[in-house]
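Novice:
Protein chains: 2
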Amino acid sequence: MMQQKRALLRAGTTVDEMIRTLADDIVNGILPPGEKLDELGLADRFGVSRTPVREALGQLSAMGLAERRPNRGCVVAIITDQRLTDMFEAMAELESACARLAALRMSAGERRALDALHQSAATLVHDGAQDAYSSFNLQFHGLIYEGCHSSYLRDLVSTTRSRLAPFRRAQFRMLGRLRKSWEEHDAIVTAILRGDGEAAAIATRAHVITVSAASAAFVSDTRTSLPQETP
Amino acid sequence: MMQQKRALLRAGTTVDEMIRTLADDIVNGILPPGEKLDELGLADRFGVSRTPVREALGQLSAMGLAERRPNRGCVVAIITDQRLTDMFEAMAELESACARLAALRMSAGERRALDALHQSAATLVHDGAQDAYSSFNLQFHGLIYEGCHSSYLRDLVSTTRSRLAPFRRAQFRMLGRLRKSWEEHDAIVTAILRGDGEAAAIATRAHVITVSAASAAFVSDTRTSLPQETP
DNA sequence: GATGATTTGTACGTATGTATA
DNA sequence: ATATACATACGTACAAATCAT
Numbered sequence: 000m001m002q003q004k005r006a007l008l009r010a011g012t013t014v015d016e017m018i019r020t021l022a023d024d025i026v027n028g029i030l031p032p033g034e035k036l037d038e039l040g041l042a043d044r045f046g047v048s049r050t051p052v053r054e055a056l057g058q059l060s061a062m063g064l065a066e067r068r069p070n071r072g073c074v075v076a077i078i079t080d081q082r083l084t085d086m087f088e089a090m091a092e093l094e095s096a097c098a099r100l101a102a103l104r105m106s107a108g109e110r111r112a113l114d115a116l117h118q119s120a121a122t123l124v125h126d127g128a129q130d131a132y133s134s135f136n137l138q139f140h141g142l143i144y145e146g147c148h149s150s151y152l153r154d155l156v157s158t159t160r161s162r163l164a165p166f167r168r169a170q171f172r173m174l175g176r177l178r179k180s181w182e183e184h185d186a187i188v189t190a191i192l193r194g195d196g197e198a199a200a201i202a203t204r205a206h207v208i209t210v211s212a213a214s215a216a217f218v219s220d221t222r223t224s225l226p227q228e229t230p
Numbered sequence: 000m001m002q003q004k005r006a007l008l009r010a011g012t013t014v015d016e017m018i019r020t021l022a023d024d025i026v027n028g029i030l031p032p033g034e035k036l037d038e039l040g041l042a043d044r045f046g047v048s049r050t051p052v053r054e055a056l057g058q059l060s061a062m063g064l065a066e067r068r069p070n071r072g073c074v075v076a077i078i079t080d081q082r083l084t085d086m087f088e089a090m091a092e093l094e095s096a097c098a099r100l101a102a103l104r105m106s107a108g109e110r111r112a113l114d115a116l117h118q119s120a121a122t123l124v125h126d127g128a129q130d131a132y133s134s135f136n137l138q139f140h141g142l143i144y145e146g147c148h149s150s151y152l153r154d155l156v157s158t159t160r161s162r163l164a165p166f167r168r169a170q171f172r173m174l175g176r177l178r179k180s181w182e183e184h185d186a187i188v189t190a191i192l193r194g195d196g197e198a199a200a201i202a203t204r205a206h207v208i209t210v211s212a213a214s215a216a217f218v219s220d221t222r223t224s225l226p227q228e229t230p
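First to last, the protein sequences are chains A and B. Counting from 0, one number per residue, gives the positions in the first sequence under numbering that gives the first Met the number 0. Counting from 0, one number per residue, gives the positions in the second sequence under numbering that gives the first Met the number 0.
What follows is the structure in C-alpha cells.
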C-alpha cells in the first residue's frame with residue numbers, strides 16, 4: 000500500500016529487518032507489553048505480505064519479546080511480577096559471574112580501559128547528568144561482559160538485558176542514585192583491578208540487585224496506576 | 000492434499016510438534032551438527048507444506064539448535080571448540096548460581112527430597128550402573144534447578160543444557176567417574192543442607208567444570224577422527 | 001564465465017478455529 | 001446458544017538467488 004520502508008535493501012532478508020525494527024520498538028517501549036501484533040497491520044506497515052510477518056513474529060516470540068498463543072494471535076510479551084523478579088535476579092547472577100571471570104581474566108589493557116572509563120564518569124555524577132551517565136553505565140557494564148572472555152555468557156547477559164530493557168526506564172531518576180551507583184561501581188572496579196574474583200562477584204551482585212529493586216518498584220507502581228496504553 | 004499425519008490433533012499446532020521432534024533429533028544426535036535441514040525433504044517427511052517447515056526452522060535457529068544462512072539454507076548448529084568451551088563454562092556458572100540460591104531457599108521438604116535421592120544413588124555407584132546413574136544425575140540437577148525458585152534462571156539452565164546435550168554423550172563411561180561424581184554431589188548436598196550458599200556454589204562449579212572438561216575432551220577427540228557422517 | 005537445475009524467499013488463497021453479537 | 005465476522009494456520013504459486021555443470 001505505501002512501501003514506506005524498505006530503505007536500504009542491502010544485507011539480510013526482509014524478515015531480519017523487520018525483526019530488528021520490531022525488537023527495537025519493543026525494547027524501547029514504543030510497543031508496550033500487551034500490545035497486539037496484528038499480522039495484517041504489520042504487513043502493510045512494512046509493505047510486505049503476511050508470510051514474512053509471520054516469520055518475524057515467530058522469531059520474536061522465540062526471543063521472549065513477544066508471546067504467541069496458538070490460534071489467538073501474538074502480543075508484545077506480558078511479564079508477570081514474579082517473572083520480572085526472577086529475571087532481575089538472574090541478571091544479577093549473570094553479571095556477577097561475568098565480573099568474577101573478568102577479575103580473573105581481563106588483560107592489563109582491559110583493566111586500564113575499565114578504570115579510565117569509570118574515573119571519567121565522576122564528572123557526570125558531579126554534574127547530575129542523568130542521560131550521559133546512563134550511556135556511560137551501558138558502556139561500563141559492557142566492558143565487564145567483554146572482560147569475562149566468554150561469548151556464550153555474554154550472549155546470555157545481552158539477551159536478558161534486552162528483555163528487561165522495557166522495564167528499566169526509571170533508572171537514574173531517583174534522588175541520589177547517581178552517586179550511589181558510581182560508588183557501587185567503584186567497589187567493582189577495585190575488586191577487578193585487584194584480580195579478586197569473589198569480591199567482584201559479590202559487589203556486582205549487590206549493585207545489580209539494588210538497581211533491579213528500583214526498577215521493579217517503579218514497574219509495579221506504574222502497573223497499578225495505568226493498566227494499558229496504546230501509542 | 001493428503002493430510003497423512005495430524006495423528007492426535009490435540010495440543011499445539013503442527014509447527015510446535017515439528018519443533019519438538021526436530022529438537023529432540025538434534026539433541027539426541029540423530030541429526031548431527033552440520034546436517035543439512037532441507038525444507039522440501041522435511042516437508043514431506045512430516046506430510047506438510049514448506050510453510051510450517053520454514054517456521055519450525057526459524058524457531059530452531061532462534062533456539063540455537065540450527066543455523067540459518069540467508070538464501071543458503073539451514074543446517075544443524077555447528078559449534079566451534081571455543082564456543083563449546085564457553086557454553087560449558089556458562090553452564091557451570093548457571094548451575095553454581097542455582098545451587099547458591101537453592102541452599103538459601105529450598106524448603107525443608109525439598110532438602111529432604113534432594114538428600115533422599117542422593118543417598119539412594121549410592122547403590123547405583125556400587126553396582127556401576129551407568130545408565131541408571133545417568134538418569135539419576137538428571138533428576139539430581141533438576142531438583143537443584145527447581146530449588147532455586149527462579150523460573151528465569153531455570154529456563155536459562157534448561158536451554159543451555161539442551162544446547163549442550165548433543166555434546167554430552169560420553170558422560171559416565173570414564174573409569175571411576177561414577178564414584179567421583181557421587182562424591183562431588185555429596186559435597187553439594189552437604190552444603191545445601193547446611194544452607195551454606197557460597198559453599199554450594201563453589202562445589203557445584205567445580206563439579207560441573209569437571210564434567211564439562213571430560214565432555215569437551217571427548218568431543219574434540221571424536222572431531223579429529225570422524226569429520227562428517229550422514230544417517 | 002554463462003546456463004540450467006535446485007532451493008530459498010515472498011505473495012496470495014483457502015479453510016479452520018476463535019471471538020463477538 | 002447460534003450465527004456471523006474475523007484472524008490465524010496451512011497450502012500452493014511465482015520470483016529470486018545459489019549451486020553445479
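Note that beta-carbon positions come from the ideal geometry of N, C-alpha and C, so glycine has one too. These numbers come from a predicted model, not from an experiment.
What is the residue span of the alpha helix (DSSP H) that Cys-97 (chain A) lies within?
Specialist: 80-104
Novice: Output, in sequence order along the chain, the residues in the segment 52-81 of chain A whose CB is closer than 8 angstroms to any CB in chain B.
Specialist: Taking 8 angstroms as the upper bound on Cβ-Cβ separation, chain B lies near residues Arg-53, Glu-54, Gly-57, Gln-58, Ala-61, Met-62, Pro-69, Asn-70, Gln-81 of the segment 52-81 of chain A.
Novice: Closer than 8 angstroms, CB to CB, is Tyr-144 (chain A) near chain B or not?
Specialist: no
Novice: Return the CA-CA distance between Val-207 (chain B) and Arg-99 (chain A), expressed in angstroms with no decimal places.
Specialist: 17 angstroms
Novice: Quick one: what does DSSP say Glu-66 (chain A) is sitting in, helix, strand or coil?
Specialist: strand
Novice: Go ahead and pull the three-state DSSP assignment for Val-47 (chain B).
Specialist: Assignment of Val-47 (chain B) by DSSP, reduced to helix, strand and coil, places it in the coil class.
Novice: Please list, in chain order, all residues of the same chain as Arg-167 (chain A) whose beta carbon is under 6 angstroms from its beta carbon, the five residues on each side excluded.
Specialist: So the qualifying residues of the chain are Ser-214.
Novice: Contact between the segment 101-110 of chain A and the segment 57-74 of chain A: three or more CB pairs below 8 angstroms?
Specialist: no
Novice: How long is the line joining the alpha carbons of Ser-119 (chain B) and Leu-192 (chain B), rounded to whole angstroms?
Specialist: 16 angstroms
Novice: Between which residues of its own chain and Met-90 (chain B) is the CB-CB distance below 8 angstroms, once the five residues before and five after are set aside?
Specialist: Val-156, Thr-159, Arg-160, Leu-163, Val-207, Ser-211
Novice: Determine the direct distance from the alpha carbon of Ile-187 (chain B) to that of Ser-180 (chain B), and round the result to whole angstroms.
Specialist: 11 angstroms
Novice: Please list the partners that Asp-85 (chain A) has in chain B, where partner means a Cβ-to-Cβ separation under 7 angstroms.
Specialist: Those within 7 angstroms of Asp-85 (chain A) in chain B are Ser-149, Ser-150, Tyr-151, Leu-152.
Novice: Quick check on Gly-57 (chain B): buried or exposed, where buried means 16 or more other Cβ atoms within 10 Å of its Cβ?
Specialist: buried
Novice: In chain order, what residues of the same chain lie with their CB nearer than 8 angstroms to the CB of Glu-54 (chain A), ignoring the 5 residues before and after it?
Specialist: Val-14
Novice: Any idea if Asp-219 (chain B) is buried or exposed, counting beta-carbon neighbours within 10 angstroms, 16 or more meaning buried?
Specialist: Reading off the sequence shown, one finds Ser at residue 219 (chain B), where the question assumed Asp. That one is exposed.
Novice: Just checking: is the beta-carbon of Arg-19 (chain A) within a distance shorter than 8 angstroms of some beta-carbon in chain B?
Specialist: No - not a single Cβ of chain B is within 8 angstroms of the one on Arg-19 (chain A).
Novice: Using the rule of at least 16 other Cβ atoms within 10 Å of the residue's Cβ for burial, across every protein chain shown, is Ala-121 (chain A) buried or exposed?
Specialist: exposed
Novice: May I ask you to report which of helix, strand or coil DSSP gives Gly-72 (chain A)?
Specialist: strand
Novice: Quick one: list the residues of chain A neighbouring Thr-203 (chain B), beta-carbon separation under 8 angstroms, in chain order.
Specialist: Per Cβ cutoff of 8 angstroms: no residues; Thr-203 (chain B) is ~12 angstroms from chain A at best.
Novice: For Lys-179 (chain B), which residues does DSSP report across the bridge?
Specialist: When beta bridges are read from the DSSP output, Lys-179 (chain B) appears opposite no residue.
Novice: With the cut-off set at 8 angstroms, would you say Leu-64 (chain B) and Ala-22 (chain B) are in Cβ contact?
Specialist: yes
Novice: Can you find a C-beta in chain B that's less than 8 angstroms from the C-beta of Glu-88 (chain A)?
Specialist: The Cβ of Glu-88 (chain A) sits closer than 8 angstroms to at least one Cβ of chain B.
Novice: For a contact meaning CB atoms closer than 7 angstroms, what does Thr-12 (chain B) contact in chain A?
Specialist: Correct list: Pro-69.
Novice: On the criterion of 16 or more Cβ atoms from any shown chain inside 10 Å, does Leu-137 (chain B) qualify as buried, or is it exposed?
Specialist: exposed
Novice: Quick one: does Ala-96 (chain A) have its CB under 8 angstroms from some CB of chain B?
Specialist: yes
Novice: Using a C-beta to C-beta distance shorter than 7 angstroms, which residues of chain B count as neighbours of Glu-92 (chain A)?
Specialist: Ala-96, Leu-152
Novice: Nearest to Glu-38 (chain A) by alpha carbon, out of A:Pro-51, A:Pro-32, A:Asp-195, A:Ile-29?
Specialist: A:Pro-51
Novice: So, under 8 angstroms CB-CB, Ala-205 (chain B) and Ala-190 (chain B) are touching, yes? Tell me the CB distance rounded to an integer number of Å.
Specialist: With 8 angstroms as the limit, Ala-205 (chain B) and Ala-190 (chain B) do not qualify as a contact, their Cβ atoms being about 11 angstroms apart.
Novice: Determine, for Leu-41 (chain B), whether the minimum Cβ-Cβ distance to residues of chain A falls below 8 angstroms.
Specialist: Chain A, which has no Cβ nearer than 8 angstroms to the Cβ of Leu-41 (chain B), makes this no.
Novice: Here's the rule I'm using: 16 or more other beta-carbon atoms within 10 Å means buried, otherwise exposed. How should Ser-149 (chain B) be labelled?
Specialist: buried
Novice: For Leu-103 (chain A), go through chain B and note every residue whose CB falls closer than 9 angstroms to its CB, in chain order.
Specialist: Within chain B, no residue comes near Leu-103 (chain A); the closest Cβ sits about 12 angstroms away, beyond 9 angstroms.
Novice: Nearest-angstrom Cα distance between Leu-177 (chain A) and Ile-25 (chain B)?
Specialist: 48 angstroms
Novice: By the criterion of Cβ-Cβ separation under 7 angstroms, what are the contact partners of Leu-155 (chain B) in chain A?
Specialist: Ala-89, Leu-155
Novice: Using 10 angstroms around the beta-carbon of Ile-18 (chain A), count the other beta-carbons present and answer buried if the total reaches 16, otherwise exposed.
Specialist: Note on Ile-18 (chain A): 16 or more other CB atoms within 10 angstroms of its CB, so buried under the neighbour-count rule.
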